[in-house]
Amino acid sequence: MNPYVLAILLSSLGLGTTLTFASSHWLLAWMGLEINTLAIAPLMAQHHHPRAVEATTKYFLTQATAAAMILFASTTNAWMTGEWSINDLSSPLANTMFMTALALKIGLAPVHFWMPEVLQGLDLLTGLILSTWQKLAPFALIIQTAQNIDPLLLTLLGITSTLVGGWGGLNQTQLRKILAYSSIAHMGWMIIVIQYAPQLTLLALGMYIIMTSATFLTLKMSLTTKISTLATTWSKSPMLASTTALVLLSLGGLPPLTGFMPKWMILQELTKQNLPIIATTMALTALISLYFYLRLCYAMTLTISPNTTNSTTPWRTQQAQTSLPLALFITAALGLLPMTPTILMLTT
795 MNPYVLAILL SSLGLGTTLT FASSHWLLAW MGLEINTLAI APLMAQHHHP
845 RAVEATTKYF LTQATAAAMI LFASTTNAWM TGEWSINDLS SPLANTMFMT
895 ALALKIGLAP VHFWMPEVLQ GLDLLTGLIL STWQKLAPFA LIIQTAQNID
945 PLLLTLLGIT STLVGGWGGL NQTQLRKILA YSSIAHMGWM IIVIQYAPQL
995 TLLALGMYII MTSATFLTLK MSLTTKISTL ATTWSKSPML ASTTALVLLS
1045 LGGLPPLTGF MPKWMILQEL TKQNLPIIAT TMALTALISL YFYLRLCYAM
1095 TLTISPNTTN STTPWRTQQA QTSLPLALFI TAALGLLPMT PTILMLTT
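So the mapping is simple: this note's numbering equals the position in the sequence shown, first residue as 1, plus 794.
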């Protein structure tokens, strides 16, 4: 892609998200979301592969549907209350429509069906943008309106997403689909706690972005998109395979890695709110997700592909890609748990 075109598209992505962040008016927020969608579509279709074009079409249709629902919900709210401000979302009908539209935007279950299919059709870097940056603007709107939305709806969306995210990933062999289900499960964790402690949602979102970026960049570095080719990583670069296994366990939420922090704090908050059954359900659904992360770790570090030698092949380890962002994200994905007391102090 032409670097000038790429610069325009990436700056439009930034502009769309910033516009949604800064807006207090429904139309401006909607406009930001639309700019975001239109800016990422050419990035998704840039390889002109039939699968990429199909993924772009699916993504565009779902996002357009969600945007139309947001516009309809905000118009309904303005008609009933005479207010266009985001904070004055007092109509229950508009509330429910709005939350459903944003759930469709970020891929929460039960409106998650587009997410694995779209991510499977994209290259890894565009998939990374879709899994991380594209979640920011909708989450900004959800956080602003969470107090007006029915708590039961948020709880159902959260539990369904963690269940579907864990259950859906069990049977997959494609890494991008596994990461899509991982994304759905993490979104569920963020949504379940948003009505009690929005700051924990932001913390979980930040940690999710760090860990997912580390995973996508690792797969990009090792040129891997299937579980079967993960087994060749060990003989190419043992160090990368070791750190990737730890990053995957961090995504699963195992101590003493970074991913344990948001899960621990969310479970603690749910227990404080006298919701032990919901907290237990969330902890059990995390175990289902942990199974497929362990499956990836097993394929990557404990098995060796029959077609490769047992020794490291030095001629295959030379990489033209820059590894500084990968190193930074892996360090953050593995070592931020000691920061928990500081974050607790900031969030309470």
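Glycine is no exception: its CB is placed at the ideal position from the N, C-alpha and C atoms.
- Taking Pro1119 as the centre and dropping the five residues before and after it, the same chain places the C-beta of Ser1007 and Leu1011 closer than 8 Å to its C-beta, in chain order.
- No Cβ-Cβ contact shorter than 8 Å links Ile985 with Gly960.
- The DSSP-derived three-state label of Gln914 is helix.
- By the criterion of a C-beta distance shorter than 6 Å, Leu964 is surrounded in its chain by Phe1086, once the five residues flanking it on both sides are discounted.
- Membership of Asn881 in any alpha helix (DSSP H) is not indicated, and neither H nor E is assigned to it by DSSP.
- DSSP links His819 through a beta bridge to Ser879.
- Note on geometry: alpha-carbon atoms of Phe907 and Ser955 lie some 11 Å from one another.
- For Gln1115, the secondary structure class from DSSP, reduced to helix, strand or coil, is coil.
- By the Cβ neighbour-count rule, Ile802 is exposed, with fewer than 16 other Cβ atoms within 10 Å of its own.
- Under a 10 Å Cβ-count criterion, Ala816 is classified as exposed, with fewer than 16 other Cβ atoms of the shown protein chains found around its own Cβ.
- If you check the CB distance, Met1055 and Met1001 come in under 8 Å.
- Taking a contact as a CB-CB distance under 8 Å, the pair Gln989 and Pro945 counts as one, their CB atoms being some 5 Å apart.
- Three or more Cβ pairs drawn from the segment 900-915 and the segment 975-982 lie within less than 8 Å of each other, which places the two stretches in contact.
- Look at Gln968 here: in three-state DSSP terms it is strand.
- Comparing alpha-carbon positions, the option among Ala867, Leu918, Leu1045 and Leu916 lying closest to Trp983 turns out to be Leu1045.
- Here Leu1043 is actually not in contact with Leu1131; their C-beta atoms are around 12 Å apart, not less than 8 Å.
- With a minimum length of 3 residues, there is no unbroken run of beta strand (DSSP E) contained wholly in the segment 798-878.
- Restricting attention to alpha helix (DSSP H) runs no shorter than 4 residues, the segment 933-1006 encloses them at 945-963 and 969-987, ordered along the chain.
- If only uninterrupted alpha helix (DSSP H) runs of at least 4 residues are considered, those enclosed by the segment 1043-1079 are 1054-1066.
- Beta-bridge partners of Lys1020 (DSSP): Gln968.
- In the structure shown, Gly901 falls within a coil segment according to DSSP collapsed to helix, strand and coil.
- Under a 10 Å Cβ-count criterion, Lys929 is classified as buried, with 16 or more other Cβ atoms of the shown protein chains found around its own Cβ.
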